[in-house]
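Colleague: The structure under discussion is supplied below as structure tokens; questions concerning it will follow.
Numbering (the working numbering), first residue to last: 1 to 129.
Shown next, in the form of structure tokens:
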């Protein structure tokens, strides 16, 4: 029989919300969806949420210095969330070649971050490898 660790789901959601800078209600709804639609227990649902939202949690990130080469308009997804992408030209640390990296900005990040980024300007950022 599978033994599920005991933990406080609300406290775990609150910690994730603070770390990822996402509203607790949003995380709670996403975790509940994993529990209800995918039939997972709360502990497994939290692990799955962390895996799906690793970027928001800052895992697996590298430091980059890049130039903004394009900005896409805002798109609304089926669940009502909004996304916009910003494309950067960065130097690859290993090969020293110029590579292109997109950054997805979700919901309120579109205005708080995306509106500050100007075309043809350079910025330091963290991004997945």
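Beta carbons are placed, not taken as given, at the ideal position from N, Cα and C, and that holds for glycine.
#1: Quick one: what does DSSP say residue 109 is sitting in, helix, strand or coil?
#2: Could you have a look at residue 103 and say whether DSSP puts it in helix, strand or coil?
#3: Once DSSP output is grouped into helix, strand and coil, what is the label at residue 31?
#4: Residue 45 and residue 31: beta carbons closer than 7 Å?
#5: On a CA-only basis, which of 18, 104 and 87 is nearest residue 98? Give me that one, please.
#6: Of all the options 28, 64 and 23, which has the alpha carbon lying nearest to the alpha carbon of residue 94?
#7: Check whether the Cβ atoms of residue 107 and residue 81 lie closer than 7 Å to each other.
#8: Going straight from the alpha carbon of residue 26 to that of residue 33, what length do you get?
#9: Identify which residue in 91, 79, 15 and 8 has its Cα closest to the Cα of residue 124.
#10: Less than 7 Å separating the beta-carbons of residue 24 and residue 35?
#11: Just mark residue 22 as buried or exposed, buried being the case when its beta carbon has 16 or more other beta carbons within 10 Å.
#12: DSSP on residue 7, reduced to helix/strand/coil?
#13: Three-state secondary structure (DSSP) at residue 25?
Modeller: Inspection of the coordinates gives the following:
#1: Position 109 of the chain shown, counted from the start, is the residue given in the question as residue 109. DSSP, reduced to helix, strand and coil, places residue 109 within a helical segment of the structure shown.
#2: Counting from 1 along the chain shown, the entry for residue 103 is found at position 103. Residue state, collapsed to three classes: strand.
#3: Start at 1 with the first residue of the chain shown, and residue 31 comes out as number 31. Helix, per DSSP.
#4: Looking up residue 45 in the chain shown gives position 45. Looking up residue 31 in the chain shown gives position 31. By the CB criterion at 7 Å, residue 45 and residue 31 fall inside the cutoff.
#5: Start at 1 with the first residue of the chain shown, and residue 98 comes out as number 98. Among 18, 104 and 87, the Cα nearest to that of residue 98 is on 87.
#6: Counted from its first residue, the chain shown places residue 94 at position 94. Per the Cα distances, 64.
#7: Locating residue 107 in the chain shown gives position 107, where the first residue counts as 1. Locating residue 81 in the chain shown gives position 81, where the first residue counts as 1. For residue 107 and residue 81, yes; Cβs fall inside 7 Å.
#8: Here residue 26 corresponds to residue number 26 of the chain shown, with the count starting at 1. Here residue 33 corresponds to residue number 33 of the chain shown, with the count starting at 1. If you take the alpha carbons of residue 26 and residue 33, they lie about 11 Å apart.
#9: Here residue 124 is taken as the residue at index 124 of the chain shown, counted from 1. When C-alpha distances from residue 124 are compared across 91, 79, 15 and 8, the shortest belongs to 91.
#10: Residue 24 sits at position 24 when you count from the first residue of the chain shown. Residue 35 sits at position 35 when you count from the first residue of the chain shown. No, these two residues do not count as a Cβ contact at 7 Å.
#11: As a working note, residue 22 is residue 22 in the chain shown. Residue 22 should be labelled buried.
#12: Translated into the one-based positions of the chain shown, residue 7 becomes position 7. Judged by DSSP in its simplified three-state form, residue 7 adopts coil rather than helix or strand.
#13: Against the chain shown, residue 25 aligns to sequence position 25. Judged by DSSP in its simplified three-state form, residue 25 adopts helix.
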